[in-house]
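Engineer: Following this message is one structure expressed as structure tokens.
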Amino acid sequence: MMWIDLDSLMARAPRNESKEHFLLKHVGRIYFWQRGFRIVGLEIYGLRDWRAQRDCVDVLAVGERKIGEMKMLCSKAIEVKVSRSDFKSGFCKGADFTSILCPKGMIDPDELPQGVGLIEADIDRLRIKVSGIMELEGVEAIKKAQYNKTAFGIERIEDHQRYIHSLVHTIAAQNTRELARFGVPEELEKGRD
2 MMWIDLDSLM ARAPRNESKE HFLLKHVGRI YFWQRGFRIV GLEIYGLRDW
52 RAQRDCVDVL AVGERKIGEM KMLCSKAIEV KVSRSDFKSG FCKGADFTSI
102 LCPKGMIDPD ELPQGVGLIE ADIDRLRIKV SGIMELEGVE AIKKAQYNKT
152 AFGIERIEDH QRYIHSLVHT IAAQNTRELA RFGVPEELEK GRD
């Protein structure tokens, strides 16, 4: 078992992004991974959000969802917000399920639009453990995201599934670019033993 050094992870943040935002995006990725999503990407463009006019989400996951007797692919998004002004500037709600991930106590659940979930990270208690799988400490779902059946403006299930498949390709391309640019973080490579 090994704990990831969060300071060294945050040191990898690009200049145009705060270290806290960078850290919480990775926390969002691990949060989805812990819940069984294996197709997860960061900074994914191309989401259809007709209301907010935004098409990028901080963390996007694709997985199966059962509707009646039928299994279909669905998308889950996390938008990271690290300040009140960042939250008030808006966010993409173009996934089947959308949650906000923020520092603990920053956002009141009642402030969120209907159907949007809230995940809080206690920055002082936040820890990422690697022991074969990654585990988070100091992260809690406060309000569960609800299915957003109007997210895409797509009425037919077949068209929706085609669109979700296009998101899978987008996530794969983004993850490939990320690995090519940064490589596997040393902290994660050690945890694979």
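In short: position in the sequence shown from 1, add 1, done, that's this note's numbering.
C-beta: ideal position from N, C-alpha, C; glycine also.
Predicted model only: the values in this text are computed from it and were never measured.
#1: Taking 8 Å as the cut-off, decide whether the C-beta atoms of ASP59 and GLY29 are in contact.
#2: Let me know the secondary structure DSSP gives GLY29 once reduced to three states.
#3: Which runs of the beta strand (DSSP E), 3 residues or longer, sit entirely within the segment 104-166?
#4: Ignoring anything shorter than 4 residues, give me the alpha helix (DSSP H) runs that lie fully in the segment 62-100, in order along the chain.
#5: Let me confirm a value: LYS77 is counted as buried when at least 16 other C-beta atoms fall within 10 Å, else exposed. Which label applies?
#6: Roughly how many angstroms lie between the CA atoms of GLY133 and CYS103, to the nearest whole one?
#7: Comparing C-alpha positions only, which one of ILE120, GLY116, LEU24 sits nearest to MET107?
#8: Within 10 angstroms of the Cβ of TRP51, are there 16 or more other Cβ atoms? Answer buried if so, exposed if not.
#9: Excluding the 5 residues preceding and the 5 following LEU137 in the sequence, name in chain order all residues of the same chain whose CB lies nearer than 7 Å to its CB.
#10: Am I right that PRO110 and LYS144 are in contact with their C-beta atoms under 8 Å? What's the rounded C-beta distance?
#11: Going by C-alpha distance, which of LYS20, TYR46, GLY37 is nearest VAL63?
#12: Have a look at the DSSP bridge pairing and note the partners of ILE40.
#13: With a CB to CB cut of under 8 Å and the five nearest residues on each side skipped, what residues in its chain are close to ASN149?
#14: Going by DSSP, what residue range makes up the alpha helix (DSSP H) through ASP8?
#15: Does the Cβ of HIS161 have 16 or more other Cβ atoms within 10 Å, making it buried, or fewer, making it exposed?
#16: Can you list, in chain order, the residues of its chain whose CB lies under 6 Å from that of ILE101, leaving out five sequence neighbours each side?
#17: Where does LEU48 sit, in a helix, a strand or coil, going by DSSP?
Structural biologist: The answer reads as follows:
#1: Against a cut-off of 8 Å, the Cβ pair of GLY29 and ASP59 comes out as a contact.
#2: Here DSSP, grouped into helix, strand and coil, assigns GLY29 to helix.
#3: For the segment 104-166, whole beta strand (DSSP E) runs of length 3 or above, ordered along the chain, are 118-122, 128-132, 134-138, 140-144.
#4: Along the segment 62-100, the alpha helix (DSSP H) occurs as fully enclosed runs of 4 or more residues at 85-89, listed in sequence order.
#5: When all chains shown are included, LYS77 counts as buried.
#6: Approximately 27 Å between the Cα atoms of the pair.
#7: Relative to MET107, the option among ILE120, GLY116, LEU24 whose CA is nearest is ILE120.
#8: In this predicted model, TRP51 has a pLDDT of only 49, less than 50, meaning its place in the structure is not dependable; the value taken from the coordinates is given anyway. With fewer than 16 other Cβ atoms within 10 Å, it is exposed.
#9: Counting only Cβ-Cβ distances below 7 Å, and skipping sequence neighbours, we find VAL28, ILE31, TYR32, GLN35, ILE129.
#10: About 4 Å separates the Cβ atoms of PRO110 and LYS144, confirming a contact at the 8 Å cut-off.
#11: VAL63 has its Cα closest to that of GLY37, out of LYS20, TYR46, GLY37.
#12: Its beta-bridge partners are VAL63.
#13: Take ASN149, set aside five residues on each side of it, and the residues of its chain with a beta-carbon closer than 8 Å to its own are LYS94, ALA96, ASP97, PHE98, THR99, GLY116, in chain order.
#14: 7-11 is the extent of the alpha helix (DSSP H) around ASP8.
#15: With 16 or more other Cβ atoms inside 10 Å of its own Cβ, HIS161 counts as buried.
#16: Spatial neighbours of ILE101 in its own chain (CB-CB distance under 6 Å, excluding positions within 5 residues in sequence) are listed in chain order as GLU80, LYS82, LEU119.
#17: Reduced to three states, the DSSP call for LEU48 is coil.
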